[in-house]
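A.B. asks:
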Amino acid sequence: MISTKKRTFLETPISDFIIPVEKVAHVLVGNSAEHALLVLTKTGYSQVPVLDTNFHIHGLVSSKVITEAILGLERIEYEKLSQIKVDDCMDRNVTILKIDDTFQKALDLVINHAFLCVVDYDGTFAGILTRRVILKQLKKYIYQTSD
Ligand code: AMP
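Residue numbers (this note's numbering): -19 to 127.
1. In three-state DSSP terms, what is L(-10)?
2. A106 and I76 - do their beta-carbons sit closer together than 8 Å?
3. Taking 8 Å as the cut-off, decide whether the C-beta atoms of K65 and I50 are in contact.
4. Once you ignore the five residues that flank V74 on each side, which residues in its own chain have a CB closer than 7 Å to its CB?
5. Please report the straight-line C-alpha distance between S(-17) and Y25, rounded to a whole angstrom.
6. Touch check for the stretch 10 to 20 and the stretch 107 to 122: three-plus C-beta pairs under 8 Å?
7. Name the one or two DSSP bridge partners that F105 has.
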C-alpha cells in the first residue's frame, strides 16, 4: 500500500527539477562532428542534444558515436571530423519526457539514461533532467520521510 506522502512525491511534476534550455550545452543540426567534439570536450559532458533553430530535438551526440564514425580499419581518421555532420552520426533514438510528466515516470526512465530531454507543451526543447538531480531528490525524500 503506497502512502499519501509517497504518492504526492512521486506525482511531483518534473518541471521543478529540470536544467532549463538556456543552461543546456547543445549543438545544431548541420554542425560538423568536429564542432560537436569541441563542445563535448570543453564542457566535459558525455552526450549533448542536437537541436534545430526552432528548438526541436533531432538526436543526441556523444564522443563515442563520433569516434565510431571516424574509425578506419587501422587508424582513427581524424581528417574526416570536419566533413562529417552531427546528423550523420547522432543517436536518433531519444527518450523524451513532457514538461508535465511526473517524477515517477522520470525515475523509471533514468535507470537507463544519464539524462532525459524534456519538451514543452508545444513540443519544443525545454531542457534536460539528469539522473543526478533525480537521485538528489530521492535521497532528500528518503531522509526526510519516516514511512
Ligand atoms: P551530471 O548529472 O551533471 O553528471 O550529467 C550527466 C550527463 O547529463 C552529462 O554527461 C551530460 O551528457 C548531460 N548534462 C548535464 N548537464 C548538462 C548541461 N548543462 N548541458 C548539456 N548536457 C548536460
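The beta-carbon is built from N, C-alpha and C at its ideal position, and this holds for glycine as well.
C.D. replies: On the basis of the coordinates in this document:
1. helix
2. No. Outside cutoff.
3. no
4. I37, G39, L40 and C97
5. 37 Å
6. no
7. F105 pairs with V99.
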